[in-house]
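Student:
Dropping the structure here:
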């Protein structure tokens, strides 16, 4: 079975969708990665939210931003796939959908991301190239990557 994709501005998210996507982000970025950080950074209200659902459950998610919000270019952030579904390689589907959504919603080709260093090869497989030295964000090694 394939994922069902939805893209919504913040105001169009239901209370249940918002709760579920924040729960998924916390499960991965706080618990799984053992990283205490403030996930609610004020940018959710400025983002388009790309949601991948399977069996009526959010299992894949990213935030999409127009240029000038997170980076000079359009950007993709909070890339997450539920740990119980990673064996299905839906992260690749998520990135393909996100790249298309940036073009169709913001009419931008250049995309910048702040990627966790261990995912460099994953993002390279989607056309991103490293554009910065390694830096620590919340004690996790990151690099900026760009796709033009």
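Residue numbers (full-length UniProt numbering): 1 to 148.
Where is the CB? At the ideal position from N, CA and C, for every residue including glycine.
Keep in mind the model is a prediction, meaning the values are calculated, not measured.
1) Could you tell me which residues DSSP pairs with residue 125 in its beta bridges?
2) Measure the CB-CB distance between residue 59 and residue 81 and report whether it falls below 8 Å.
3) What did DSSP end up calling residue 64 once you bin it into helix, strand or coil?
4) If you drop the 5 nearest sequence neighbours on each side, which residues of the same chain put their C-beta closer than 7 Å to that of residue 45?
5) Sorted by chain position, which residues of the same chain lie with C-beta nearer than 6 Å to residue 106's C-beta, five sequence neighbours on each side aside?
6) Considering only residues of the same chain and omitting the five flanking positions on each side of residue 129, which have a CB-CB separation below 8 Å?
7) Short of 6 Å in beta carbon distance, which residues of its chain neighbour residue 7, apart from the five on each side in sequence? Order them along the chain.
8) Use the C-beta contact count for residue 42: other C-beta atoms within 10 angstroms, 16 or more gives buried, fewer gives exposed.
9) Kindly indicate which residue of 40, 30 and 85 has the alpha-carbon position closest to the one of residue 3.
10) Buried or exposed, going by whether 16 or more other CB atoms sit within 10 Å of the CB of residue 91?
11) Could you give the distance in angstroms between the alpha-carbon of residue 12 and the alpha-carbon of residue 117?
Tutor: The answer reads as follows:
1) Answer by DSSP bridge pairing: none, since residue 125 is not bridged.
2) yes
3) strand
4) 10
5) 66 and 74
6) 145, 146 and 147
7) 48, 50 and 101
8) By the 10 Å Cβ count, residue 42 comes out exposed.
9) Ranking 40, 30 and 85 by Cα distance to residue 3 puts 85 first.
10) buried
11) 33 Å
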